[in-house]
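Accompanying notes for the structure given below.
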Amino acid sequence: MRERFLTGYNDFVLPFSLGLIFIISYCVVGMIRILHQLPAEDRKRFFISLVTPATMWKNIKDIFLKCLIHVDIWKRNKLLGYMHSSIAFGWFMLIVVGHIEVFLYTPHRVKLFYYPIFFRYFVAETESTMRGSLIFFLMDLFLLIVLSGIALAIIKRVRSVMFGMRRTTNPSFFDLVGQYSLWAIFPLRLLAEAFTADISGGSFLTKSLNYVFTSFLSNHANMLPAWWAYSCALGIFFFVLPFTRYMHIPTEILLIPMRNAGIKIRNARKGFAKAEVYSCPSCGLCIDACPMGVMKANIKDTTVYLNRQIRRRNEARIEEISDKCLLCGKCTAICPVGVEGDKLRIAQRSIRKYNLNPDYSNIPADASGIEFAAHEVTAPSGRAREKILYFAGCMTALTPVISKAMESILKKAGADYAFMDRDGGICCGRPMFMSGRFDAARMLVEKNTEIIKASGADVLLLSCPICYKIFREKYHLDGIRIIHHTEYIAGLIADGILKPSSDDTKYVYHDPCELGRGCGVYEAPREVIKSVGTLVEAQKNRKESICCGGSLGSLTLGFDKRRAMTENALANLVTESPDIIVTACPLCRSTFNRYSDRPVEDIAETIDRKITKTVKS
Amino acid sequence: MKENILIIGGGIAGLEAAAMLLRLGHSPIIIEKSDRLGGHVASWHKLFPDMTPAKDVVDRLTAEASGANIFLNTEISFVNKLTDSYNIMLSNGISIITKVILVTMGFSLFDAAKKEEYGYGVYDHVVTNRDLEQWFNGKDDPRIDNSAMNAVGFVHCVGSRDEKAKNSQCSKVCCITAVKQAIEVKQKFPDASVYCFYMDLRMFGKKFEDFYISAQRDYGIRFIRGRVSEVSENIEGRVVVKAEDTLSGKPLKVTLDLLVLMAGMVCGDSCTKVAGMIPLPVDSDGFLKSKDNIFDVMESPKEGIFYAGACTGPKTVPETLAEARAAALDIHLYINGLE
Amino acid sequence: MDFGFKISPSSAINLDKIDLTMFEKLHEMEPDVYKCIACGSCSATCPAARYSGMSMRKVILDLQRGREKEVFSMMKNCMLCGKCTMVCPRGINTRHLILSISKLYCETK
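Right, here's the structure in full:
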């Protein structure tokens, strides 16, 4: 291998070099800004995590698996996964092997950063070695892999259904420029290398193409324009990158270590939120996932468009999109880069200015009405006698069938319980939190905390997943165990305290958003249902369960706008033709019950119905 | 040749129309899905505003319609449209070819269990207007204490005027029914406090206002303007009702021995099913759509198909009977026009 | 009969003198506000009612009658729990209505 030019330079490297310098400086400045915007403690935590071996290793692993291999997309759809990893990993390997080439053959050129990219223009093959042909083979192979990915990407633009996507994002103008330049890079590289292959050498792809070209083209005249075009495509891509969705490539490399350091959204637009917004690849997976998507009018209110509008600072649209969302969290659950659509929206809501603000100082934190041991208590031997405080929640007050069933179960289990809000209580604060009014939510949390602590309870039992989520995340109850009734019932059955009878009724379980995605409770309700009948699954279940449409998360969606969502969620539940729909949320129950063609019940009702004899030991 | 006239539904509208058609010289066929005639009225006790026994009304109508060809326990299996008539296949295997159909399939009572906050089917002392009426008729109900009653409440507009219950229409007769039932409860338990929770009282019919005045003046029934939004049960199993007394602007709570839900009218289940077979259009209120809501209330947009009674919307008994007679006359003229 | 107020110059509502520009603005943001039939379901179910006398029905009515002061004190204890929205027979999004009022109206004025 020898060099063709003493200078090791040609003007055509300029577009690429300028583009690369621009994008690297842009990213460095952007990264410093994002880190600077973090609260001091978060920043400190971030830097410490970078040098902690465990997180360091996790960062490297995550960046490799997520940014290059795209494992999450593979899990969703093989073809979509291949498309992403072929482009990302293939391109990455082209860069790596390109550098190896330079190291091996022209080590004195290592400091020229464009050299590995345009290596074949600058060298001529003198002898054919085993090592050389292996490297050339690898370069051609990875180029072929990338090209196959590009071909798939073009097909995807036309027929996204093949990739498991019903709907995709509408690209913006800059997205299109970026996309076309990205698509052009690799075919142009192939062309340039093919024209050069009889001088520089090549492998199965470039060499063969070179033979084809020589048969009808005087190829050396085409060489330089091809390299120019290749460099220009790269240059354009780098220059438009900050204004396109492809900004997600560099940002995700920053987002992953920030997330691994345990950093959360603290500001609606700055720091971590900004990193998330810019990490959005605009892939549009959230569009199909969004339960509001059943109505076409709502498609532009999905997370991908929220991110786009935040980048454009379109305040009116940001407000509209954030307030409409049901906060079901499904977009967050399926997002391949981990953009938290629900939390981002709550953050946007939190910067609204209100003239009238709540004040709960006049509400007494009164626990005097809470009385334990009002019923016969038969704590089974070998089991600690616990004082269970049952908090039904606001929504359960409107579906009394649930609290009545729960009381019946508690009595059948011989538990020592008190019904905290039989006569009405103070809201848990979650709805207030979801509307972004954190200070008011905190006041409610404090009030309830005071009451619960004063009651002397050992366990706080909840029926409403909306309450459950905030109790788990924001309440500090000093050792009082917080438990949802699905888990409580599962425990009673597992311990043999309740022995429900079983028959061949077919049940389907609907995962409520706040219980499933919100708190990760998927198994307990399923175990419970299996003990009384046959459990069938909905088409989309667990973390992909579809919101019932009744969520308190949405501030603006009116009652009449939710019907289509509920009907869609119901259709998803009944694909296995169950006899009864079971859920574990009062809001889901009443929402479904309105439109369902078959019985809808809470898991507490199901179990209470199936326990005829009480077990006392 | 005599034209077949098929009357679908053997409630009061169907019976009255049949009686009228018989007198006009036709021979109508009535099909009824249940095992008895008279529809909802047959399970009622007394009718407002004169406390006429419902049984007398049904007996008289049944006697007058006895000349008709009546099939009980019969439903429509399917409907075939022929060139100028319909071939109706019945569940008993008989098929009827007819050019004239009178739809008198009436209403269904709103399923009160769908209003979960009222706890129907959950609490021990919550019943519907129909349950109470059947209890008046002598049928025992474990939810209703025969011996003593201190306080009874009536909730108006359960499943009517309620978008959440998918029925934003007024069911029209529940207000006066509540007044009637409240009076009857008071007659049985003179010492009980009886409350009616209403949003608006709609006393539109003949003597309704007098009836209302009598309930207030003679029976001391207390009318509270406020819709009940939460019902709970205390430790003794009595029903605790929460409403706002909107006139005093204060939240209100009362403990009751019995809560009666005035379930509203929705278009009959079988009515909707048959309407789908023919097919007949359904109006935005969920009831069958008439050709015109002023001149042709009893005519469907389909040639030869007529309506009478509550299948086009909530109606009182006299209104239904008047419609049935009008529909019979319409049919008579229509058949004469065919010949 | 007790109407809940006395007919005296100080407490009588004079519709000619009430400035409804604010309410019209609110109506623009929340067209459903005129759908209220004052049934009182929202007030009966409200957990804040027993502390601050919160009543969505009264809020809507008072704003139309120019009695804004009462509204502000009632709304102080609202917990945004959404029960009023759940029970409203007219399907009014009362929860968002509260947020809009909080945004639009100002206590000092």
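Residue numbers (this note's numbering), protein chains in the order written: chain A, 350 to 966; chain B, 1000 to 1338; chain C, 103 to 211.
Glycine included, C-beta positions come from ideal geometry on N, C-alpha and C.
Residue i (DSSP reduced to helix, strand or coil)
i: Asp1161(B); result: strand
i: Arg353(A); result: coil
i: Phe365(A); result: helix
i: Ile1007(B); result: strand
i: Val1227(B); result: coil
i: Met1104(B); result: coil
i: Ile952(A); result: helix
i: Cys868(A); result: coil
i: Val451(A); result: helix
i: His1039(B); result: helix
i: Val1172(B); result: coil
i: Lys855(A); result: strand
i: Lys613(A); result: coil
i: Asp489(A); result: helix
i: Met405(A); result: helix
i: Val1238(B); result: strand
i: Ser812(A); result: coil
i: Ala764(A); result: coil
i: Ile929(A); result: strand
i: Arg701(A); result: coil
i: Ala754(A); result: helix
i: His1331(B); result: helix
i: Asn706(A); result: coil
Bridge partner(s) assigned by DSSP for residue i
i: Tyr1218(B); result: Tyr1218(B) is not bridged to any residue.
i: Asn1195(B); result: Per the sequence shown, the amino acid found at residue 1195(B) is Cys instead of Asn. For Cys1195(B), which the question treats as bridged, DSSP gives the partners Phe1153(B), Phe1222(B).
i: Ser791(A); result: The amino acid at residue 791(A) is misidentified as Ser; the sequence shows Arg. Arg791(A) is not bridged to any residue.
i: Thr1097(B); result: Tyr1085(B)
i: Met641(A); result: Looking at the DSSP assignment, Met641(A) forms no beta bridge with any residue, so it has no partner.
i: Asn1166(B); result: Asp1161(B)
From the options, residue whose alpha carbon lies closest to that of residue i
i: Ala114(C); options: Gly193(C), Lys205(C), Arg169(C); result: Arg169(C)
i: Leu384(A); options: Ala622(A), Cys776(A), Pro749(A), Glu795(A); result: Ala622(A)
i: Lys879(A); options: Lys889(A), Cys862(A), Ser850(A); result: Ser850(A)
i: Phe1344(B); options: Gly1267(B), Leu1071(B), Gly1118(B), Gly1013(B); result: Because residue 1344(B) is not part of the residues shown, which for chain B are 1000 to 1338, the question remains open.
i: Ser1107(B); options: Cys1310(B), Glu1115(B), Ala1321(B), Thr1319(B); result: Cys1310(B)
i: Ile372(A); options: Ala887(A), Val626(A), Asp951(A), Leu590(A); result: Leu590(A)
i: Leu1320(B); options: Tyr1306(B), Ile1087(B), Leu1332(B); result: Tyr1306(B)
i: Trp577(A); options: Arg594(A), Phe553(A), Phe544(A); result: Phe544(A)
i: Leu493(A); options: Ser435(A), Pro520(A), Gly642(A); result: Ser435(A)
i: Glu950(A); options: Met755(A), Asp807(A), Leu809(A); result: Met755(A)
i: Met1198(B); options: Leu1255(B), Phe1210(B), Val1099(B), Met1261(B); result: Met1261(B)
i: Ala1112(B); options: Val1102(B), Gly1105(B), Val1126(B); result: Val1126(B)
i: Asp788(A); options: Ala646(A), Gly845(A), Asn706(A), Ile397(A); result: Asn706(A)
i: Pro927(A); options: Arg830(A), Phe941(A), Met914(A), Pro948(A); result: Pro948(A)
Residue i: CB within 7 angstroms of a non-hydrogen atom of the ligand GTP
i: Gln1133(B); result: What this structure holds is no ligand at all, so the ligand GTP is not there to describe.
**Request:** Using a Cβ-Cβ cut-off of less than 7 angstroms, give me the residues of the region 151-162 of chain C that come near chain B, in sequence order.
**Result:** Ala151, Arg152, Ser157, Arg159, Lys160
**Ordered list of beta strand (DSSP E) runs contained in the region 523-582 of chain A, each at least 3 residues** = none
**Item:** Contact set between the region 1222-1235 of chain B and chain A, restricted to residues whose Cβ is under 9 angstroms from the partner
**Value:** Ser1228, Glu1229, Val1230, Ser1231, Glu1232, Asn1233, Ile1234
**Prompt:** According to a CB-to-CB cut-off of less than 8 angstroms, which residues of the region 1184-1215 of chain B neighbour chain C?
**Reply:** Met1198, Asp1199
**Asked** According to a CB-to-CB cut-off of less than 9 angstroms, which residues of the region 1117-1129 of chain B neighbour chain A?
**Response** Tyr1117, Gly1118, Gly1120, Val1121, Tyr1122
**Request:** Pull out every residue of the region 1295-1325 of chain B whose Cβ sits closer than 8 angstroms to any Cβ of chain C, in chain order.
**Result:** none
**Prompt:** For the region 180-193 of chain C, which residues have a CB atom closer than 7 angstroms to at least one CB atom of chain B, in sequence order?
**Reply:** Val189, Pro191, Arg192, Gly193
**Request:** Could I get the ranges of all uninterrupted alpha helix (DSSP H) runs contained in the region 145-200 of chain C, with 4 residues as the minimum, in chain order?
**Result:** 151-154, 158-166, 170-177, 185-189
**Message:** To be precise: take each residue of the region 899-926 of chain A, compare its Cβ to all Cβ atoms of chain C, and keep it if any distance is under 7 angstroms. Which residues remain?
**Reply:** Leu901, Leu904, Thr905, Gly907, Phe908, Asp909
**Request:** Report the residues of the region 1162-1183 of chain B with a CB closer than 9 angstroms to any CB of chain A, ordered along the chain.
**Result:** Glu1162, Lys1163, Ala1164, Lys1165
**Request:** Anything in the region 1085-1117 of chain B with a Cβ closer than 9 angstroms to a Cβ of chain A? List those residues in chain order, please.
**Result:** Ala1112, Lys1113, Glu1115, Glu1116, Tyr1117
**Asked** Any residues in the region 667-683 of chain A with a beta carbon nearer than 9 angstroms to a beta carbon of chain C? Which ones, in chain order?
**Response** Asp672
**Request:** Note down, in chain order, all residues in the region 735-750 of chain A with a beta-carbon under 8 angstroms from any beta-carbon belonging to chain B.
**Result:** Ala746, Leu747, Thr748, Pro749, Val750
**Request:** Could you tell me which uninterrupted beta strand (DSSP E) segments, each at least 3 residues in length, are contained entirely in the region 393-440 of chain A, listed from first to last along the chain?
**Result:** none
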